[in-house]
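In this note's numbering, the protein residues as written are 2 to 282.
Here's the structure, in structure tokens; my notes come after.
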Amino acid sequence: MSQRPDSRMRSGDAFTVGVARVDVTPPLTIPHLAHVPRHGFFKGVHDRLYAKAVVVGDGERRAALVTVDSIGIARRVAGTERDFIAEVRQCASEQCGIAPENVMLCATHAHSTPDLAGFRSLAPYPGAAGWLDALRDQLASVIAMADRATAPARLKVGRGTVAGLGAGRRILGRDGRLYHWRDRPPDDQIADWGISDDEVLVLSFERPDGAPAAVLFHFMCHPTTVQVQPLVSADFPGVAAAMIEEVTGCEEALFFQSACGATVPVRLTTDFDDVDRYGHM
Numbered sequence: 002m003s004q005r006p007d008s009r010m011r012s013g014d015a016f017t018v019g020v021a022r023v024d025v026t027p028p029l030t031i032p033h034l035a036h037v038p039r040h041g042f043f044k045g046v047h048d049r050l051y052a053k054a055v056v057v058g059d060g061e062r063r064a065a066l067v068t069v070d071s072i073g074i075a076r077r078v079a080g081t082e083r084d085f086i087a088e089v090r091q092c093a094s095e096q097c098g099i100a101p102e103n104v105m106l107c108a109t110h111a112h113s114t115p116d117l118a119g120f121r122s123l124a125p126y127p128g129a130a131g132w133l134d135a136l137r138d139q140l141a142s143v144i145a146m147a148d149r150a151t152a153p154a155r156l157k158v159g160r161g162t163v164a165g166l167g168a169g170r171r172i173l174g175r176d177g178r179l180y181h182w183r184d185r186p187p188d189d190q191i192a193d194w195g196i197s198d199d200e201v202l203v204l205s206f207e208r209p210d211g212a213p214a215a216v217l218f219h220f221m222c223h224p225t226t227v228q229v230q231p232l233v234s235a236d237f238p239g240v241a242a243a244m245i246e247e248v249t250g251c252e253e254a255l256f257f258q259s260a261c262g263a264t265v266p267v268r269l270t271t272d273f274d275d276v277d278r279y280g281h282m
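As structure tokens, this is what we get:
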């Protein structure tokens, strides 16, 4: 992967960086997004879900980024009278002093995860309120843990491409109709293949001795490989993060979803072999 300097970023050892993770795998009483009526229940866990935090300081300010193996994180997921994201930010600020406005929560958008995106209320489900309160505390705590682990680091930026993973699921035919990827017309009858982006952006924070601290990587594709099936899974972002951690020895690898829109995995399977294939790509 080529590396390009970015003049907007500080160079050398101008940063402090700390990372941490917590396991946020839900109990099986918490529903996931399914087909109509849109909620279903898992029957087991294929792979664990995590929330990972990185806290970055530049000597003047600190900012926290948290990525969660989740389909989304809705402000009103704990009730219309509450703001879940504001509660996490405030709890984190009370624990470590990072300003609430400097805390960003991100979802990997993996679909084989609890419905935290607010498609339907979790309120009717036994234990959901208590679990959401515990999740709030976990997300705040992982920020505080990362903050306590900060140490000097330098930043490197790289870009690469991953062709053949994502494809647009809304394809415009020459007849003016929109087609799904799986039902598309012959190539010579396609006017527009839709939007997809094969670029991977990587931010790598390294310690002064060269040891990798945190790898942040960013890609555009719905992690829907194994959606609407009975096992909890972080889908391909979880595989990719685990592989990066193993290969580089970094303290944590964090996946950040792009504006994935109508971009989906190209093979359109519900196969865990494809989860591994996409993650390694």
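Where a beta carbon is used, it is the ideal one built from N, C-alpha and C, also for glycine.
If you're wondering where the values come from, they're calculated on a predicted model, not measured in any experiment.
task: Could you name the residues that DSSP lists as bridge partners for residue 193?
output: Start at 1 with the first residue of the sequence shown, and residue 193 comes out as number 192. Its beta-bridge partners are 173.
field: Reference residue 75; option with closest CA among 150, 36, 106
entry: Residue mapping note: residue 75 aligns to position 74 of the sequence shown, counting from 1. Across the set 150, 36, 106, the C-alpha of 106 shows the shortest separation from the C-alpha of residue 75.
field: Straight-line Cα distance separating residue 110 from residue 118
entry: For the purposes of this step, residue 118 is taken as residue 117 along the sequence shown, with counting starting at 1. For the purposes of this step, residue 110 is taken as residue 109 along the sequence shown, with counting starting at 1. Each residue's Cα considered, the two are about 9 Å apart.
message: For residue 1 and residue 173, what's the separation of their Cα atoms in angstroms?
response: This structure cannot speak to residue 1, because the chain is shown only from 2 to 282.
- prompt: Which whole runs of the beta strand (DSSP E) in the region 55 to 86 are 3 residues long or more, in chain order?
  reply: Within the region 55 to 86, complete beta strand (DSSP E) segments of at least 3 residues are found at 63 to 69, given in chain order.
message: So, under 8 Å CB-CB, residue 169 and residue 132 are touching, yes? Tell me the CB distance rounded to an integer number of Å.
response: Here residue 169 is taken as the residue at index 168 of the sequence shown, counted from 1. Here residue 132 is taken as the residue at index 131 of the sequence shown, counted from 1. With a Cβ gap of about 36 Å, residue 169 and residue 132 do not count as contacting.
task: In angstroms with no decimal places, state the Cα-to-Cα distance between residue 267 and residue 167.
output: The count along the sequence shown starts at 1 and reaches residue 267 at position 266. The count along the sequence shown starts at 1 and reaches residue 167 at position 166. Approximately 5 Å, taken between the alpha carbons.
- prompt: So, are the CB atoms of residue 116 and residue 72 less than 8 Å apart?
  reply: The sequence position of residue 116 within the sequence shown is 115, counting from 1. The sequence position of residue 72 within the sequence shown is 71, counting from 1. Against a cut-off of 8 Å, the Cβ pair of residue 72 and residue 116 comes out as a contact.
query: What is the rounded straight-line gap between the Cα of residue 208 and the Cα of residue 83?
result: Locating residue 208 in the sequence shown gives position 207, counting from the first residue. Locating residue 83 in the sequence shown gives position 82, counting from the first residue. Roughly 40 Å separates the two Cα atoms.
message: My assumption, with CB atoms under 8 Å, is that residue 206 sits in contact with residue 145. Please give the rounded CB distance.
response: Taking the sequence shown and counting its residues from 1, the one referred to as residue 206 is at position 205. Taking the sequence shown and counting its residues from 1, the one referred to as residue 145 is at position 144. That pair is no contact at about 19 Å.
task: Go to residue 217, then tell me how far its alpha helix (DSSP H) extends in each direction, as first and last residue.
output: Position 216 of the sequence shown holds residue 217. Annotation for residue 217: no alpha helix (DSSP H) segment contains it, though the beta strand (DSSP E) segment containing it runs 213 to 220.
field: Own chain partners of residue 353 with C-beta closer than 6 Å, once the 5 adjacent residues on each side are dropped
entry: Any answer about residue 353 is impossible in this case: the structure gives the chain only from 2 up to 282.
- request: Could you tell me the distance, in whole angstroms, from the CA atom of residue 228 to the CA atom of residue 271?
  value: Position 227 of the sequence shown holds residue 228. Position 270 of the sequence shown holds residue 271. Cα to Cα, the separation comes out at about 7 Å.
task: State the Cα-Cα distance for the pair residue 249 and residue 276, rounded to the nearest angstrom.
output: As a first step, residue 249 must be located in the sequence shown, where it is residue number 248. As a first step, residue 276 must be located in the sequence shown, where it is residue number 275. Rounded to whole angstroms, residue 249 to residue 276 spans 21 Å at the Cα level.
At least three beta-carbon pairs within less than 8 Å, the region 55 to 71 to the region 16 to 32: yes
field: Residue nearest to residue 77 in terms of C-alpha spacing, selected from 120, 177, 108, 265
entry: Here residue 77 corresponds to residue number 76 of the sequence shown, with the count starting at 1. It is 120 whose Cα lies nearest to the Cα of residue 77.
Identity of the residue in 225, 157, 192, 149 nearest residue 279 by Cα: Position 278 of the sequence shown, counted from the start, is the residue given in the question as residue 279. Closest option to residue 279, Cα to Cα, is 225.
Beta-carbon proximity of residue 23 to residue 143, cut-off 8 Å: The count along the sequence shown starts at 1 and reaches residue 23 at position 22. The count along the sequence shown starts at 1 and reaches residue 143 at position 142. Against a cut-off of 8 Å, the Cβ pair of residue 143 and residue 23 comes out as a contact.
query: Should residue 149 be labelled buried (16 or more other beta-carbon atoms within 10 Å of its own) or exposed?
result: Indexing the sequence shown from 1 puts residue 149 at position 148. Looking at its Cβ environment, which holds fewer than 16 other Cβ atoms inside 10 Å, residue 149 is exposed.
Segment limits, alpha helix (DSSP H) that includes residue 206: Position 205 of the sequence shown, counted from the start, is the residue given in the question as residue 206. Per DSSP, residue 206 belongs to no alpha helix (DSSP H); it is in the beta strand (DSSP E), 200 to 207.
- request: Check residue 257 in the structure and name its three-state DSSP category.
  value: For the purposes of this step, residue 257 is identified with residue 256 of the sequence shown, where counting begins at 1. Residue 257 falls in the strand class under three-state DSSP.
- prompt: In whole angstroms, what is the alpha-carbon distance linking residue 185 and residue 43?
  reply: To locate residue 185, count along the sequence shown from 1; it is residue 184. To locate residue 43, count along the sequence shown from 1; it is residue 42. Roughly 32 Å separates the two Cα atoms.
- request: Using the Cα positions of residue 60 and residue 151, report the straight-line distance between them to the nearest angstrom.
  value: Here residue 60 corresponds to residue number 59 of the sequence shown, with the count starting at 1. Here residue 151 corresponds to residue number 150 of the sequence shown, with the count starting at 1. Going from the Cα of residue 60 to the Cα of residue 151 covers about 12 Å.
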